[in-house]
Amino acid sequence: MAILVTGGAGYIGSHTVVELQQAGHEVVILDNLSNADERVLQRLQAITGKAATFYRADIRDRKALSEVFEKEKIESVIHFAGLKAVGESVEKPWEYYDNNITGTLTLVDEMRRHGVKNIIFSSSSTVYGEPDAVPVTEESPKKACTNPYGWTKSMLEQILSDMQAADHEWNVVLLRYFNPIGAHRSGTIGENPNGIPNNLMPYITQVAVGKLKELNVFGDDYPTKDGTGVRDYIHVVDLAKGHVKALAKLTPGSGLNIYNLGTGTGYSVLEIVKNFEEASGVKIPYVIRPRRAGDIACNYASAEKAKRELGWVAENGIREMCEDSWRWQKNNPNGYAD
Ligand code: NAD
Ligand code: UFG
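The numbering of the sequence shown is numbering that gives the first Met the number 0, which starts it at 0 and goes up by one.
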C-alpha cells in the first residue's frame, strides 16, 4: 500500500516525501508543477535512494485522479496541493477558490469512489485569525480570515469535518501549520519561491545571497517585545515528521483529529534577523516600513496536543532553522535551476 502525496513536489511536500520514504512508506506523488520544479524528484532520490512514482496531474482533473487510484494501491492521502500566496489570493480570489476548493472537492470525491477514506490536510494557523490569547490551542476559536487564501483553509476544514461527520468511514487529520522555514540538512531541497518572496525567511536568504538589497521590516509598532511581528517558526523537517506521526492516527474509527504543528515559541522579525546573521555570518541590512495589510501582531502555538496524542515534538531550534535555510540558499542561489 502507498501514500498519495498531492503537492509532493512543493516545499513541505518534498520534505515529507523524504521522511515518509525513510520511515519505509511507499510514496506516489501527484503535482501539476504550477509551483514546483520537476528536478526536485532527482534530488529526493539522491537523499533517500528510493524513487517515488510521479504523476504530473491537477487535482481538479477527475480522470487523471481516477487513473491514479485505479493503478496504484493507495491507502491514505496527504493533501498539500494548493495555491498559497496570501497577496495573490486577494487579486485572484476565483483562482484560489477554484484550485483549493474545487480541487479538494474533486480529490475527496475520487477518493471515496475508490474506497480511500483516509486524509491528512494541510491547514494553517491563519484559521485562528487575530487570536485573543497566545499560545493558541486547537480549541481556540476560529476567526474571520483576512484573505481568500485563509478562507480556503478555513472552509476546507469545515468541508472535511462535515464529510467525516456524515460518513464515519472517513478518518481525517487537519494539521494547522505555523511558519515553516529551514530545509533538509543536505542543502539539496528547500523552498523555491517564484519571483520576490512574500515570506520572511526566503526574503532574508535572498538578501544574504545578494539577490535583494535589504529586508523590509513591516512595522515596528506592534505590542510585542521589540515592536515587530512575532511568529512560531518551525523547521520544515520537523513539520514533515509530524505528517508521518499523524498517519498513525488514520485508523478505523479515529474520526476527526486536529493538531497544531508549531514549536510553542514565538520569535520577532528582528530576532530572526539576528539569529540568521549569527548562523550565516552574513549581515542583513534592513529598513523599517509601515505595517503590511492583513498582518497580525503575534501568534504562536500550543503544541501540547500533538505531543500528547502523536508523540511528536519539534526537535530543531532557531539556530538549525537559520543554518539550514542558509545552506539551501547558498548552495542553490537559483533554486533547482542550478
Ligand atoms: P508549495 O507551493 O511549495 O507546494 C504546493 C504544491 O502543490 C506545489 O508543488 C504545486 O505545484 C502543487 N499544486 C498547486 N495546485 C495544484 C493542483 N491544482 N493540482 C496539483 N498540484 C498542485 O507550498 P508549500 O509551502 O509546500 O505548502 C503546502 C501546503 O501547506 C499548501 O496547501 C499550503 O497552503 C499549506 N501551508 C503552507 C504554509 C507555508 O507557510 N508554507 C503554511 C500553512 C499551510
Ligand atoms: N515580514 C517582514 N518582511 C518581509 C516578510 C515578512 O517584516 O519581507 C514579517 C511579517 O510582517 C510577519 C513575519 O515577518 O510579522 C512573518 O511573515 P511571513 O509572511 O513569513 O508569514 P505570515 O505569518 O504572515 O504568513 C504565514 C504564511 C501564510 C499563512 C500564515 C498563517 O505565509 O500562508 O503564516 O499560517 F497563512
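Even glycine gets a Cβ: it sits at the ideal position worked out from N, Cα and C.
{"Item": "Proximity test, aspartate 30 beta-carbon vs the ligand NAD heavy atom, cut-off 7 Å", "Value": "yes"}
{"Item": "Coarse secondary structure for histidine 14, derived from DSSP in three states", "Value": "helix"}
{"Item": "Rounded Cβ spacing between leucine 3 and leucine 29 (contact assumed at less than 8 Å)", "Value": "6 Å"}
{"Item": "Local Cβ density within 10 Å of asparagine 274, reported as buried at 16 or more and exposed below that", "Value": "buried"}
{"Item": "beta-carbon glycine 228 near the ligand UFG non-hydrogen atom, thresh 7 Å", "Value": "yes"}
{"Item": "Residue closest to glycine 102, alpha-carbon to alpha-carbon, out of Val236, Asn256, Thr151 and Val67", "Value": "Thr151"}
{"Item": "Beta-carbon gap between tyrosine 299 and arginine 230 smaller than 8 Å", "Value": "yes"}
{"Item": "Helix, strand or coil at valine 206 according to DSSP, with G and I counted as helix", "Value": "helix"}
{"Item": "Endpoints, the beta strand (DSSP E) within which serine 122 is located", "Value": "117 to 123"}
{"Item": "Distance CB(glutamate 109)-CB(serine 65) smaller than 8 Å", "Value": "yes"}
{"Item": "Inter-residue spacing [alpha-carbon to alpha-carbon] between isoleucine 271 and isoleucine 118", "Value": "34 Å"}
{"Item": "Nearest candidate by alpha-carbon position, reference aspartate 220, set Gly194, Ile257, Leu199 and Val268", "Value": "Val268"}
{"Item": "With 16 other Cβ atoms within 10 Å as the buried cut-off, status of valine 286", "Value": "exposed"}
{"Item": "Isoleucine 195 burial status per 10 Å Cβ neighbour count (16 or more: buried)", "Value": "exposed"}
{"Item": "Serine 88 beta carbon near the ligand FMN (any heavy atom closer than 7 Å)", "Value": "Although the ligand FMN was asked about, the structure shown includes only the ligand NAD and the ligand UFG as ligands."}
{"Item": "Cβ shell of arginine 59 (< 6 Å), same chain only, five flanking positions each side left out", "Value": "Thr101, Gly102 and Thr105"}
{"Item": "Best match in Ala8, Gly228 and Phe68 for proximity to isoleucine 295 [C-alpha to C-alpha]", "Value": "Gly228"}
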